[in-house]
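*Asks:*
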Amino acid sequence: MKPSRLIAGLTTSTILVGSLTLAPHALAEPTTPTPEPTQVPASPYSYAAIGDSATVGGSWFAPLGDLCGRNRVDYPNVLANNTGLQLNETACYGATTSNYQWTRPAGILNSPNPPQVKAIDKNTRMVTIQLGLRDIVGDGTNSLLTKCVSAWGKEYTSMLSGQPTELTGSPCRDTYGKATLKKFDGLQARLAAIYANAKTRTTSDTLVVAVGYAPLFNGAKNCWEGQLIPARDRQFYNDIYRKLNHTIRQAARQAGVPSFVPSKDLGIRSSCGVPGLRFTSLTGLPEASYPMGPTVAGQAHIALTLEQMWKGWKSTHSSLK
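Set out below in structure tokens:
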């Protein structure tokens, strides 16, 4: 799908669903090459990247071409290039916590993605795990967004008539709020078990990091990119991310691993913020990132923070020097 079709898709609720739930690998291969980052000397150790759509998201112009939607500028690839660690990336578009141990269909062709835990072995010295979001909001035609668009549909009429307006009410929260929050039951225990299991599969010198999610919105009433979503339902999405990140922190603490949540400076960094500086985007435009996901700037920020964590860990473990 070309970017122009994504822009056109924002004019109707039907095409909006297709655009915002589009798998990264469904976009055409780019004609403009992305320069490869300069690599540091290779490390004898490996880095296991486990995660979901937020992990593999990146730029339209840098897809790796696999059915999991991995990207040359997703944070695992950037981090591996910056540290020299050998990358084992099993993160996959739409993955849930169950896919840590179980095979799942990946992408529109349902090509199986092996259990993500297979990325970890005795040579692994860093593991990042970013799972949990898809357990709560789903994916594709069964996603919370897809369901909510139909709830917002009646209010799109004025937008189609050329009269931009801030949508009102909270039809998404009112219809799906209780069922969505119910999905948090048991999530902390599942995440804690995953983090703990990752620790047992390698050595005590391995850094395991639980990675959270950058919220889509900043909580403000007005949002230039949020006219497609009522303010109260934007807050509903923020509440989901806030609860999810709290759950991830608690699970990490329970398992005895560090966590990182990219959630500061939302006025600038959220989808409502400044293009080029923000970490997430509702539409993926104008940054040419994927809808409802991280921007290249967001992935670079996560990679830089994780690189600093790795350097700090490495400095205190003599066997890694």
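Throughout the sequence shown, residue numbering follows mature numbering (1 follows the signal peptide of the UniProt record, and there is no 0), covering -28 to -1, 1 to 293 in sequence.
Just so you know, even glycine gets a beta-carbon here, dropped at the ideal spot from N, CA and C.
Is the distance from the Cβ of P258 to the Cβ of V181 below 8 Å?
*Replies:* Within the sequence shown, the letter at position 286 stands for residue 258. Within the sequence shown, the letter at position 209 stands for residue 181. No, these two residues do not count as a Cβ contact at 8 Å.
*Asks:* With 16 as the cutoff for other CB atoms within 10 Å, does G284 come out buried or exposed?
*Replies:* Within the sequence shown, the letter at position 312 stands for residue 284. Looking at its Cβ environment, which holds fewer than 16 other Cβ atoms inside 10 Å, G284 is exposed.
*Asks:* Does DSSP put L292 in a helix, in a strand, or in coil?
*Replies:* Taking the sequence shown and counting its residues from 1, one reaches residue 292 at position 320. Here L292 sits in helix by DSSP.
*Asks:* How would you write the range of the beta strand (DSSP E) that I212 sits in, first residue to last?
*Replies:* Counting from one through the sequence shown, the residue named residue 212 turns up at place 240. Counting along the chain, I212 falls outside any beta strand (DSSP E), though it belongs to the alpha helix (DSSP H) covering A203 to A227.
*Asks:* Helix, strand or coil for I92 per DSSP?
*Replies:* Here residue 92 corresponds to residue number 120 of the sequence shown, with the count starting at 1. Coil.
*Asks:* Should V268 be labelled buried (16 or more other beta-carbon atoms within 10 Å of its own) or exposed?
*Replies:* Reading the sequence shown from its first residue, position 296 is the one you call residue 268. Buried: at least 16 other Cβ atoms inside 10 Å.
*Asks:* Going along the chain, which residues of its own chain have a beta-carbon closer than 7 Å to the beta-carbon of K155, five neighbours each way excluded?
*Replies:* As a working note, residue 155 is residue 183 in the sequence shown. Same-chain partners within the cutoff: D107 and I108.
*Asks:* Residues in the same chain with beta-carbon distance under 6 Å from T27, minus the five sequence neighbours each way, listed in chain order, please.
*Replies:* Reading the sequence shown from its first residue, position 55 is the one you call residue 27. So the list reads A63 and Q102, once near-sequence residues are dropped.
*Asks:* What does the Cβ neighbour count give for N114, buried or exposed, with the cut at 16 atoms within 10 Å?
*Replies:* The sequence position of residue 114 within the sequence shown is 142, counting from 1. Under this definition N114 is an exposed residue.
*Asks:* Have a look at the DSSP bridge pairing and note the partners of M98.
*Replies:* The count along the sequence shown starts at 1 and reaches residue 98 at position 126. Paired residue(s): Y19 and L179.
*Asks:* Could you tell me if G37 is buried or exposed, where buried requires 16 or more neighbouring beta carbons within 10 angstroms of its beta carbon?
*Replies:* Within the sequence shown, the letter at position 65 stands for residue 37. It is exposed - the Cβ of G37 has fewer than 16 other Cβ atoms within 10 Å.
*Asks:* Should Q280 go down as buried or exposed, given a rule of 16 or more other Cβ atoms within 10 Å for buried?
*Replies:* Here residue 280 corresponds to residue number 308 of the sequence shown, with the count starting at 1. Per the 10 Å Cβ criterion, exposed.
*Asks:* Taking the CB atoms as reference points, tell me whether T100 and I22 lie closer together than 8 Å.
*Replies:* If you number the sequence shown from 1, residue 100 lands on position 128. If you number the sequence shown from 1, residue 22 lands on position 50. Cβ distance < 8 Å, so T100 and I22 count as in contact.
*Asks:* Report all residues from its chain with a CB closer than 8 Å to the CB of T75; omit the five preceding and five following residues, and keep chain order.
*Replies:* In the sequence shown, the residue the question calls residue 75 occupies position 103. Once the five neighbours on either side are set aside, the close Cβ partners of T75 are P84, N85, P86 and P87.
*Asks:* Of the choices Y72, R44 and C40, whose alpha-carbon is the least far from that of A34?
*Replies:* Walking along the sequence shown from the start, residue 34 turns up at place 62. The candidate whose alpha carbon is nearest that of A34 is R44.
*Asks:* Measure the CB-CB distance between G29 and Y213 and report whether it falls below 8 Å.
*Replies:* Residue mapping note: residue 29 aligns to position 57 of the sequence shown, counting from 1. Residue mapping note: residue 213 aligns to position 241 of the sequence shown, counting from 1. No.
*Asks:* In whole angstroms, give me the CA-to-CA distance for N190 and A123.
*Replies:* Translated into the one-based positions of the sequence shown, residue 190 becomes position 218. Translated into the one-based positions of the sequence shown, residue 123 becomes position 151. Cα to Cα, the separation comes out at about 22 Å.
*Asks:* Measuring alpha carbon to alpha carbon, tell me which of C144, D177 and T152 ends up nearest L200.
*Replies:* Position 228 of the sequence shown, counting from 1, holds the residue named residue 200. It is C144.
*Asks:* Only counting runs of 3 or more residues, tell me where the beta strand (DSSP E) segments fall wholly within the segment 42 to 71, in order along the chain.
*Replies:* Whole beta strand (DSSP E) segments, 3+ residues: 58 to 61.
*Asks:* S142 bridges to which residues according to DSSP?
*Replies:* Position 170 of the sequence shown, counted from the start, is the residue given in the question as residue 142. Answer by DSSP bridge pairing: none, since S142 is not bridged.
*Asks:* So, Y72 versus V89, is the Cβ gap smaller than 8 Å?
*Replies:* The residue given as residue 72 occupies position 100 in the sequence shown. The residue given as residue 89 occupies position 117 in the sequence shown. Yes, the pair counts as a contact, with Cβ atoms nearer than the cut-off.
*Asks:* Would you call the CB atoms of G270 and S25 closer than 8 Å?
*Replies:* On the sequence shown, position 298 is the one that residue 270 refers to. On the sequence shown, position 53 is the one that residue 25 refers to. Cβ distance not < 8 Å, so G270 and S25 don't count as in contact.
*Asks:* Measuring only the C-alpha atoms, how far is D205 from Y47?
*Replies:* On the sequence shown, position 233 is the one that residue 205 refers to. On the sequence shown, position 75 is the one that residue 47 refers to. Spanning the two alpha carbons is a distance of roughly 29 Å.
*Asks:* Taking the C-alpha atoms as reference points, what is the distance between H218 and S235?
*Replies:* As a working mapping, residue 218 is identified with position 246 in the sequence shown. As a working mapping, residue 235 is identified with position 263 in the sequence shown. Roughly 11 Å separates the two Cα atoms.
*Asks:* Just to check my reading of the structure: K40 and Y65 have Cβ atoms closer than 8 Å, yes? What is that Cβ distance to the nearest angstrom?
*Replies:* By 1-based counting over the sequence shown, the position of residue 40 is 68. By 1-based counting over the sequence shown, the position of residue 65 is 93. Reading off the sequence shown, one finds Cys at residue 40, where the question assumed Lys. Contact flag correct, Cβ pair sits at about 6 Å.
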